[in-house]
Amino acid sequence: MHLCIIFILCAVVYGISRNSEPDLKAINFSDKITGQKLNEGLIREIEVDSETSCQFECVAEERCQSYNFRTIKGDSKQFKCQLSDSDRFIGFANFTEDKDFIYRGMMSVCEKDRFQCGKKGICIPNYEDGSTRCKCADGYSGEPCKGKSCSQLFEDGFNTSGVYAINPDGGKPIQVLCEMATEAGGWTVFQRRWDGSVDFYLGWESYKNGFGNLNGEFWLGNDNLRRLTAADEVMLRVDLEDFDGNVAYAEYTTFKVAGEADKYRLIIGGYNGTAGDSMTRHK
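Just so we're aligned: the sequence shown equals residues -15 to -1, 1 to 268 in mature numbering (1 follows the signal peptide of the UniProt record, and there is no 0).
Here it is as structure tokens:
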């Protein structure tokens, strides 16, 4: 997958306590989920006389993080209790439909805020210290999970140009302007100049960190460019328009920016377009 860049010149966490005599007051279970069961991490399966008894069994078993529960067919007073050392977050791939079961897990940060990793991530709880981590879908990274590039967002149906948060490498998210209409869409704009409202005659630190306004004129920042171009193979596109409405473009199939220690050295090549290759002397 290619990251595309366009250059336009114009909760509360509940602790888990295990005692020799189980006490349901020492632990909190999440709301039940009907018609689902977890097919992973089975510790043991037992027969009980109520769901409360199943919960006692889970609390007494140090490894237990969740349970499946169902009535035993032919006996409305006996129930099947399946204890698991996993939960529906860690074992999301094996959390399946089964109309005969209910599922209930221990309360965690993920249960309280199941979307804290975003729509493209799964929250994974750590029951020992109450922390969480995010398992992101392909093309996404960070916590919460953000698209690695504007091209990834475009592939996922975000086809309106505007400001988005992306995360190319799992570090701090970057606010960027995504151009979704130009040449198949999915371009990350790192410079825009069109009306002279922003002074571009600035020093090293300004160009390092970026300046301007994403809704107007701006420079995204050399540090951000390094992150964007280090994360994937990148294409550069330059779109030009003069005061008479004449347009031209230049595309480069190779585009990378080195780090500050290397003085943000430009690596560029593979020209194609109508504007002429003005980058020849920079190669």
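Note that the Cβ used here is the ideal one computed from N, Cα and C, for glycine as well.
Please read these numbers as outputs of a predicted model, since none were measured by experiment.
Does the beta-carbon distance from tryptophan 172 to glutamate 202 come in below 8 Å?
Reading the sequence shown from its first residue, position 187 is the one you call residue 172. Reading the sequence shown from its first residue, position 217 is the one you call residue 202. Cβ atoms of tryptophan 172 and glutamate 202: not closer than 8 Å.
In or out: serine 5 buried (at least 16 other Cβ within 10 Å) or exposed?
Reading the sequence shown from its first residue, position 20 is the one you call residue 5. Reliability fails at serine 5, whose pLDDT of 40 lies under 50, so the model's placement of it is uncertain and the value that follows must be treated cautiously. Flag for serine 5 reads exposed.
With DSSP run on the structure shown, which of helix, strand or coil describes arginine 89?
Taking the sequence shown and counting its residues from 1, the one referred to as residue 89 is at position 104. Correct three-state label for arginine 89: strand.
According to the neighbour-count rule (16 or more other Cβ atoms, all chains shown, within 10 Å of its Cβ), is glycine 142 buried or exposed?
Taking the first residue of the sequence shown as position 1, residue 142 is located at position 157. Answer is exposed; the Cβ neighbour count stays below 16.
Per-residue DSSP class, three states only, for serine 38:
Taking the first residue of the sequence shown as position 1, residue 38 is located at position 53. Looking at serine 38 - three-state DSSP - the assignment turns out to be helix.
Quick one: using the 10 Å Cβ neighbour count with 16 as the cut-off for buried, is residue 281 buried or exposed?
For the chain, the structure presents residues -15 to 268; residue 281 sits outside this window and is missing.
For a test of the three-state rule: what should DSSP assign to cysteine 49, helix, strand or coil?
Here the question's residue 49 lines up with position 64 in the sequence shown. If DSSP states are grouped into helix, strand and coil, cysteine 49 belongs with coil.
On a CA-only basis, which of Asn200, Gln176, Thr145 and Gly155 is nearest aspartate 217? Give me that one, please.
In the sequence shown, residue 217 corresponds to position 232, counting from 1. Of the listed residues, the one whose Cα sits closest to aspartate 217 is Gly155.
Three-state class that DSSP yields for glutamate 30 in the structure shown
Taking the sequence shown and counting its residues from 1, the one referred to as residue 30 is at position 45. In this structure, glutamate 30 counts as strand in the three-state DSSP scheme.
Can you tell me whether lysine 65 is helix, strand or coil according to DSSP?
As a working note, residue 65 is residue 80 in the sequence shown. Strand at lysine 65.
Three or more C-beta pairs under 8 Å: does that hold for the segment 74 to 89 against the segment 13 to 27?
With contact defined as three or more Cβ pairs closer than 8 Å, the segment 74 to 89 and the segment 13 to 27 are in contact.
Under the DSSP definition of a beta bridge, which residues are partnered with serine 126?
The residue labelled residue 126 in the question sits at position 141 within the sequence shown. Secondary-structure assignment with DSSP links serine 126 through a beta bridge to Lys131.
Cβ pair glycine 106, tyrosine 125 closer than 8 Å
Sequence index remark: in the sequence shown, residue 106 carries index 121 (1-based). Sequence index remark: in the sequence shown, residue 125 carries index 140 (1-based). In contact: glycine 106 and tyrosine 125 (Cβ atoms closer than 8 Å).
Along the chain, which unbroken stretches of the alpha helix (DSSP H) at least 4 residues long are found entirely within the segment 138 to 222?
189 to 194 and 207 to 216
Quick check: what's the CA-CA separation for tyrosine 52 versus proline 153?
Sequence index remark: in the sequence shown, residue 52 carries index 67 (1-based). Sequence index remark: in the sequence shown, residue 153 carries index 168 (1-based). Approximately 38 Å, taken between the alpha carbons.
Which term fits aspartate 114, buried or exposed, when burial requires 16 or more other beta carbons within 10 angstroms of its beta carbon?
Looking up residue 114 in the sequence shown gives position 129. Exposed, by the Cβ-count rule.
Give me the Cβ distance between methionine 264 and tyrosine 237, rounded to the nearest whole Å; I'm assuming they're in contact under 8 Å.
Counting from one through the sequence shown, the residue named residue 264 turns up at place 279. Counting from one through the sequence shown, the residue named residue 237 turns up at place 252. That belief holds up - the Cβ atoms of methionine 264 and tyrosine 237 are roughly 7 Å apart, short of 8 Å.
Taking the continuous beta strand (DSSP E) assigned at lysine 241, which residues delimit it?
By one-based count along the sequence shown, residue 241 stands at place 256. Residues 232 to 242.
Check whether the Cβ atoms of glutamate 164 and serine 182 lie closer than 8 Å to each other.
Within the sequence shown, residue 164 is the residue found at index 179, counting from 1. Within the sequence shown, residue 182 is the residue found at index 197, counting from 1. No, they are not a contact pair.
What are the start and end residues of the alpha helix (DSSP H) that includes lysine 97?
Taking the first residue of the sequence shown as 1, we reach residue 97 at position 112. Where lysine 97 is concerned, the enclosing alpha helix (DSSP H) stretches over 94 to 97.
Could you tell me the alpha carbon to alpha carbon distance between leucine 199 and valine 148, rounded to whole angstroms?
Stepping through the sequence shown from its first residue, residue 199 is reached at position 214. Stepping through the sequence shown from its first residue, residue 148 is reached at position 163. Spanning the two alpha carbons is a distance of roughly 7 Å.
Which one of Thr56, Ile31, Arg55 and Lys58 has the shortest CA to CA distance from glutamate 46?
Here residue 46 is taken as the residue at index 61 of the sequence shown, counted from 1. Answer by Cα proximity: Ile31.
Out of Ile75, Phe196 and Thr37, state which residue places its alpha-carbon closest to the alpha-carbon of proline 110.
Walking along the sequence shown from the start, residue 110 turns up at place 125. Proline 110 has its Cα closest to that of Ile75, out of Ile75, Phe196 and Thr37.
For aspartate 83, the three-state DSSP class (helix, strand or coil):
The sequence position of residue 83 within the sequence shown is 98, counting from 1. Three-state result, aspartate 83: strand.
Can you find the residues in the same chain that come closer than 6 Å, C-beta to C-beta, to lysine 241, ignoring five residues on each side of it along the sequence?
Against the sequence shown, residue 241 aligns to sequence position 256. Result list for lysine 241: Thr214 and Ile252, in chain order.
Taking DSSP as the reference, what is the three-state secondary structure of aspartate 224?
Position 239 of the sequence shown, counted from the first residue, corresponds to residue 224. Note: aspartate 224 maps to strand in three-state DSSP.
From alanine 169 to serine 93, what does the alpha carbon distance come to, in whole angstroms?
Within the sequence shown, numbered from 1, the residue matching residue 169 stands at position 184. Within the sequence shown, numbered from 1, the residue matching residue 93 stands at position 108. Taking the straight line from one Cα to the other gives about 43 Å.
Just curious, the beta strand (DSSP E) that tyrosine 256 is in, first and last residue?
Residue numbering aside, residue 256 sits at position 271 when the sequence shown is read from its first letter. Taken as a continuous stretch (DSSP letters only), the beta strand (DSSP E) holding tyrosine 256 covers 251 to 258.
Whole angstroms are fine: how far does the CA of leucine 68 sit from the CA of lysine 10?
Walking along the sequence shown from the start, residue 10 turns up at place 25. Walking along the sequence shown from the start, residue 68 turns up at place 83. Interpretation of lysine 10 is limited by its pLDDT of 41, a score under 50 that renders its predicted location unreliable; the figure taken from the coordinates is listed afterwards. So the alpha carbons of these two residues sit roughly 19 Å apart.
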